[in-house]
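Enquirer: Starting off with a structure, shown below.
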Amino acid sequence: MSKVKFFSGEQIPLEMHKVRIVQKLELPSVEKRLEYMQEAGNNTFLLRNKNVFMDMLTDSGVNAMSDRQQSAMLVADDSYAGSETFYRLEDKIREIFGTRFFLPTHQGRAAENVVARAFVRPNTIIPMNYHFTTTKAHICLNEGLIEEIIIDEGIKVTSNHPFKGNMDIDKLKDIIKKHGKEKVAFVRMEVGANLVGGQPFSLENLRDVRKVCDDNDLLLILDASLLSDNLYFIKEREEQCKSMSIREITRAIADLCHVIYFSARKLGFARGGGICTDNKDLYMKMRDYITLYEGFLTYGGMSVREMEALTVGLEETMDESIISQGPQFIAFMVEELIKKGVPVVTPPGGLGCHVDAMQFLDHVPQSEYPAGALAAALYIASGVRGMERGTMSEQRNPDGTEPLANMELLRLAMPRRVFTLSQVKYAIDRLAWLYENRRLVGGLKFVEEPETLRFFFGRLEATSDWQEKLAKKFREDFPDSL
Ligand SMILES: *Cc1c(COP(=O)(O)O)cnc(C)c1O
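Under the numbering used here, the first residue of the sequence shown carries the number 1148, and numbering increases by one thereafter.
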């Protein structure tokens, strides 16, 4: 919770920054929103940003930069090879993670490409707490097999488990025993498990995972994209870590992992990505892929300006009053929605507020993509753009059948330092209205379905005229409101 207590007793997060550059927003009328959503094939990825009021699609590459980041960008050292900017970034990573070797990539999935090519062989197994869309795509492309062994609590929508992103250690041991350690390519842990609602793992759990890896000579690879929220949650929720600094927790995590990769579109309020390791052999296994797919070793597809911003952003990630902002705003949104009866993932995680579409739209069958339908409905009702994280985000099986996701979530990401509390309140208000009118919302069906990562470009249409009815009801309830 916020360190500032209000005289009124209200529990609200307080922005610990001031806004000095602004971007004007437009809020189209509900009639226009209906039109834009249908033009976008009911896929929020295909909306034009100029028609979006609050962009809660993702926190990827849209976090606000600080004055210090902006000014660092001006002193970036432009060169193909040997840029001072690279060495500043490498030094910062060495200081924070204690890893000697750093390979820059243009974003997180590019790091995943390199890691998968270097370590995944056909039919090897990669146990992980939970998959992420691009991770899975790269592992599958290299014919590896994913085993998701998040604790059972992890995929329960409502819970009070503080670390729903933990790995089930017994399941990990069982997998290794069943297939033999030779069949396991590496063990992957994801901080702030994205697809289950940005849920953290504990330092203790990571220690236990590492112990099993050591007992079986296995590599432990960390996806650190959502590190900053997880750091905060460890400090807040893990008894043994309360007296540790954010820096100490970061180092404790890093010391347990053989390889760390991340998307700097999330970590470090910047853009780009990278892979860190303290092991020369592992570094050499990956290095050539950087020059092949990304760029020379001192930029890896990032611009030097992005690299300077990242160096400062990583430093800012070590500041508790900066990284607490995201989780506090998310917790506020989650708690207000609970008060209004809207079903959400609990406890509040990182990344954003996750609405449980399976329960919100319990009359829409999973084969009609309730989370996708809810994302479309919310845009029509508010101009707020969220993202479907459910069955649409899954890939079809090789035989063409469709796996149903464990959860149907509408994710409302909270880009860092971007929205004010009144904007967050607006989103809560419109969700509450939509919940009152949920029976008006129907399902969706694909009219164009790409084979890989279909949720990015797929186009869908409503299974009935429910969207027109929803817009009409909005107009009746708000005769003269945008
Ligand atoms: C976003 C993300 C990625 C991919 O990063 P991009 O920069 O978007 O390519 C990988 N893993 C996790 C956990 C992520 O959240």
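Even glycine gets a Cβ: it sits at the ideal position worked out from N, Cα and C. Please read these numbers as outputs of a predicted model, since none were measured by experiment.
With contact counted as at least three CB pairs below 8 Å, one residue from each stretch, are the stretch 1225-1245 and the stretch 1561-1568 in contact?
Expert: Taking 8 Å as the limit for Cβ pairs, the verdict is that the stretch 1561-1568 does not touch the stretch 1225-1245.
Enquirer: Sort 1553, 1361 and 1462 by Cα distance to residue 1411 and report the nearest one.
Expert: Of 1553, 1361 and 1462, the residue nearest in Cα terms is 1462.
Enquirer: Roughly how many whole angstroms lie between the Cα atoms of residue 1441 and residue 1230?
Expert: Taking the straight line joining both Cα atoms gives about 16 Å.
Enquirer: With DSSP run on the structure shown, which of helix, strand or coil describes residue 1440?
Expert: Reduced to three states, the DSSP call for residue 1440 is helix.
Enquirer: Classify residue 1304 as buried or exposed, calling it buried when 16 or more other Cβ atoms lie within 10 Å of its own Cβ.
Expert: Buried, by the Cβ-count rule.
Enquirer: With a threshold of 8 Å, are at least 3 pairs of Cβ atoms found where one atom belongs to the stretch 1152-1168 and the other to the stretch 1464-1475?
Expert: The stretch 1152-1168 is in contact with the stretch 1464-1475.
Enquirer: When you compare only the Cα positions, how much space is there between residue 1552 and residue 1513?
Expert: Cα to Cα, residue 1552 sits roughly 8 Å from residue 1513.
Enquirer: Output needed for residue 1468: all residues of its chain with C-beta closer than 7 Å, excluding positions within five of it in sequence on either side, in chain order.
Expert: Answer for residue 1468: 1163, listed in chain order.
Enquirer: When the Cβ atoms of the stretch 1288-1296 are set against those of the stretch 1483-1496, are three or more pairs found closer than 8 Å?
Expert: Touching, no.
Enquirer: Can you list, in chain order, the residues of its chain whose CB lies under 7 Å from that of residue 1579, leaving out five sequence neighbours each side?
Expert: Excluding sequence neighbours, residue 1579 sits near 1487 and 1489.
Enquirer: Please say whether residue 1310 and residue 1276 have beta carbons closer to each other than 8 Å?
Expert: Not in contact: residue 1276 and residue 1310 (Cβ atoms no closer than 8 Å).
Enquirer: Using the C-alpha atoms, what's the distance from residue 1359 back to residue 1320?
Expert: If I take the Cα positions, the gap works out to 7 Å.
Enquirer: From 1537, 1373 and 1459, pick the residue whose C-alpha is nearest to that of residue 1218; which is it?
Expert: It is 1459 whose Cα lies nearest to the Cα of residue 1218.
Enquirer: What does the shell around ligand 1 hold, if a residue joins when its beta-carbon is under 6 Å from any heavy atom?
Expert: Going along the chain, the residues that qualify are 1207, 1254, 1255, 1256, 1279, 1281, 1282, 1337, 1341, 1370, 1372, 1373, 1410, 1412, 1413 and 1420.
Enquirer: Using a 10 Å radius around the Cβ and a threshold of 16 neighbouring Cβ atoms, would you call residue 1169 buried or exposed?
Expert: So residue 1169 counts as exposed.
Enquirer: Given a cut-off of 8 Å on the beta-carbon distance, is the pair residue 1420 and residue 1258 in contact?
Expert: Yes, these two residues count as a Cβ contact at 8 Å.
Enquirer: Output needed for residue 1307: all residues of its chain with C-beta closer than 8 Å, excluding positions within five of it in sequence on either side, in chain order.
Expert: Correct list, in chain order: 1493 and 1494.
Enquirer: May I ask you to report which of helix, strand or coil DSSP gives residue 1171?
Expert: Note: residue 1171 maps to coil in three-state DSSP.
Enquirer: Classify residue 1342 as buried or exposed, calling it buried when 16 or more other Cβ atoms lie within 10 Å of its own Cβ.
Expert: Looking at its Cβ environment, which holds 16 or more other Cβ atoms inside 10 Å, residue 1342 is buried.
Enquirer: With three or more beta-carbon pairs closer than 8 Å as the criterion, would you say the stretch 1240-1252 touches the stretch 1430-1438?
Expert: With a cut-off of 8 Å, the stretch 1430-1438 and the stretch 1240-1252 count as touching, because enough Cβ pairs lie within range.
Enquirer: Alpha carbons only, please: which of 1406, 1536 and 1171 is nearest the one belonging to residue 1335?
Expert: Answer by Cα proximity: 1406.
Enquirer: Which of the three DSSP states is assigned to residue 1381 in this structure?
Expert: It is helical.
Enquirer: Measure the CB-CB distance between residue 1484 and residue 1588 and report whether it falls below 8 Å.
Expert: No. Outside cutoff.
Enquirer: Can you grab the Cα-Cα spacing for the pair residue 1208 / residue 1186, in whole Å?
Expert: Their backbone Cα atoms lie some 25 Å apart in a straight line.
Enquirer: Residue 1347: buried (16+ other C-beta within 10 angstroms of its C-beta) or exposed?
Expert: By the neighbour-count rule (16 or more Cβ atoms within 10 Å), residue 1347 is buried.
Enquirer: Got a sec, what are the start and stop residues for the alpha helix (DSSP H) residue 1500 sits in?
Expert: Per DSSP, residue 1500 belongs to no alpha helix (DSSP H); it is in the beta strand (DSSP E), 1499-1503.
Enquirer: Determine, using beta-carbon pairs with one atom in the stretch 1540-1550 and one in the stretch 1378-1395, whether at least three such pairs fall under 8 Å.
Expert: At 8 Å Cβ cutoff, the stretches do not touch.
Enquirer: Can at least three beta-carbon pairs, one atom from the stretch 1377-1387 and one from the stretch 1359-1368, be found at a separation below 8 Å?
Expert: No, the stretch 1377-1387 is not in contact with the stretch 1359-1368.
Enquirer: Evaluate residue 1332 with the Cβ neighbour count: other Cβ atoms within 10 Å of its Cβ, from every protein chain shown; 16 or more gives buried, anything less gives exposed.
Expert: By the neighbour-count rule (16 or more Cβ atoms within 10 Å), residue 1332 is buried.
Enquirer: Whole angstroms is fine: what's the gap from residue 1515's alpha carbon to residue 1302's?
Expert: The alpha-carbon atoms of residue 1515 and residue 1302 are separated by roughly 21 Å.
Enquirer: Could you give the distance in angstroms between the alpha-carbon of residue 1423 and the alpha-carbon of residue 1212?
Expert: Going by the C-alpha atoms only, they are around 23 Å apart.
Enquirer: Residue 1158 by DSSP, collapsed to three states: which one?
Expert: DSSP places residue 1158 in coil when its eight states are reduced to three.
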